[in-house]
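**Student:** Structure incoming, see below.
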Amino acid sequence: MGFEDLYGACGSVISGDHEQGRRDLEGLLPQVVARGPRWMEGLVRVLLADLAGRRGDGGEGLAHLAAAVAVGWNDCVVAGHETGLRALTGAEGYREVHRRIAVSPADLEELRWIHAERACVDHDTMMMIGENIGRKDSSPTEVPQSALPTRTADGQGVLAARAMLRMRQRSQLNSVLASDTMRRSHVSSMAVIGNIGSSPFGGSGFGGGFGVGGFGSSAMEAASSQALANSRAATRRDAVRARAFCPTIGLPNSAAPAPDPS
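With the first letter of the sequence shown counted as 1, position 260 gets the number 260 in full-length UniProt numbering; the numbers rise by one all the way through.
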């Protein structure tokens, strides 16, 4: 089983349809159990645990979480970032499951970075979509993204977390592309409206002058909008570079008991 299988099964969850997402993940789980990889089995079970926690089913959620830990999943950081898993931290039996998790300091450092980066991706996505609302140009939005870490992971949790970040980045690209498409449609419509009456034959000719509302004004607005978009993209590129993952040299790779859940 590969990333595309996982992303396809997570499509409904990503779009907010948790019930269909649950069915899709439950359909994928037997295939992953039979074929692997183990990190994907752990992740699918954790995603099902999160969905169970969101609907208040602590028993099912803990069962999925315990099964994930049993196959080596050890992302002890994710509970603080997912609503359903956070709900499970107060359930009876959670600490017993948590005590079975062991993670190396090197993996723990990367896990903390990955989940912080997922939050940054969400923030950048909202900003780019919001900025699209007022843009007057039709150029595509540049979407700077961090490279996934490539160090050798010590446990299954890091591999699962990398897949979660990759899915978040894929969703970011899709969301911004959809926003760009809507903006281009709006810009085209406004160009047609702005040129109505500019032709001596009526209709929406584009041979108008360079006065207010004419082609010249629109072109200048588009150029200004593009320049602002380029500036924002450069700022984001710098921010992405500044927060790139840089592993601390010398951190142990041997697993130790996971920190207590916050």
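All C-beta atoms, glycine included, are put in the ideal place defined by N, C-alpha and C.
Remember, it's a predicted structure, so these values are computed and weren't measured experimentally.
In this structure, does DSSP put P252 in helix, strand or coil?
**Tutor:** For the purposes of this step, residue 252 is taken as the residue at position 252 of the sequence shown. Correct three-state label for P252: coil.
**Student:** Considering only DSSP beta bridges, list what V103 is partnered with.
**Tutor:** Position 103 of the sequence shown, counting from 1, holds the residue named residue 103. Answer by DSSP bridge pairing, in chain order: A256.
**Student:** Could you have a look at L28 and say whether DSSP puts it in helix, strand or coil?
**Tutor:** Here the question's residue 28 lines up with position 28 in the sequence shown. In the structure shown, L28 sits in a helix (DSSP, three-state: H, G or I).
**Student:** Apart from the five residues just before and just after R54, which ones in its own chain have a Cβ nearer than 8 Å to its Cβ?
**Tutor:** Numbered from 1 along the sequence shown, position 54 holds the residue referred to as residue 54. If we look at R54 and ignore the five residues flanking it on each side, its Cβ neighbours are H18, T83, G84, A87.
**Student:** For A102 versus G42, is the C-beta spacing smaller than 9 Å?
**Tutor:** What you label residue 102 is simply residue 102 of the sequence shown in a count that begins at 1. What you label residue 42 is simply residue 42 of the sequence shown in a count that begins at 1. No, Cβ-Cβ distance for A102 and G42 is not below 9 Å.
**Student:** Let me check you understand the geometry: is the CB of S185 closer than 8 Å to at least one non-hydrogen atom of the ligand MG?
**Tutor:** Absence of the ligand MG from the depicted structure is noted, as is the absence of any ligand whatsoever, leaving it without description.
**Student:** At 4 residues or longer, what runs of the alpha helix (DSSP H) sit wholly inside the region 60-95?
**Tutor:** With a minimum length of 4 residues, the continuous alpha helix (DSSP H) runs that stay inside the region 60-95 are 83-88.
**Student:** Helix, strand or coil for A223? Go by DSSP, reduced to three states.
**Tutor:** In the sequence shown, counting from the first residue as 1, residue 223 sits at position 223. Helix, per DSSP.
**Student:** With DSSP collapsed to three states, give me the class of F245.
**Tutor:** On the sequence shown, position 245 is the one that residue 245 refers to. In this structure, F245 counts as coil in the three-state DSSP scheme.
**Student:** Return helix, strand or coil for L148, following the three-state DSSP convention.
**Tutor:** Taking the first residue of the sequence shown as 1, we reach residue 148 at position 148. It is coil, neither helix nor strand.
**Student:** Express the C-alpha separation of R236 and D180 in angstroms, rounding to a whole number.
**Tutor:** Locating residue 180 in the sequence shown gives position 180, where the first residue counts as 1. Locating residue 236 in the sequence shown gives position 236, where the first residue counts as 1. For D180 and R236, the distance between alpha carbons rounds to 17 Å.
**Student:** Using only CA atoms, which one of W73, G27, S224, F245 lies nearest to residue 289?
**Tutor:** Since the first residue shown for the chain is 1 and the last is 262, residue 289 is missing from the structure and cannot be characterised.
**Student:** Please give me, in chain order, every unbroken run of the beta strand (DSSP E) with length at least 3 that falls completely inside the region 107-185.
**Tutor:** Listed in chain order, there is nothing to give.
**Student:** With M1 as the anchor, note down where its alpha helix (DSSP H) starts and where it stops.
**Tutor:** As a first step, residue 1 is located in the sequence shown; it is residue number 1 there, counting from the start. Premise fails: M1 is in no alpha helix (DSSP H) and is neither H nor E.
**Student:** Per DSSP, what kind of secondary structure is R54 in: helix, strand or coil?
**Tutor:** In the sequence shown, counting from the first residue as 1, residue 54 sits at position 54. DSSP places R54 in helix when its eight states are reduced to three.
**Student:** With 16 as the cutoff for other CB atoms within 10 Å, does D75 come out buried or exposed?
**Tutor:** Start at 1 with the first residue of the sequence shown, and residue 75 comes out as number 75. Per the 10 Å Cβ criterion, buried.
**Student:** Who are the near neighbours of A9 in its chain, counting only those whose CB is closer than 6 Å to its CB and skipping five residues on each side?
**Tutor:** Numbered from 1 along the sequence shown, position 9 holds the residue referred to as residue 9. Hits under 6 Å: D24, L25, L28.
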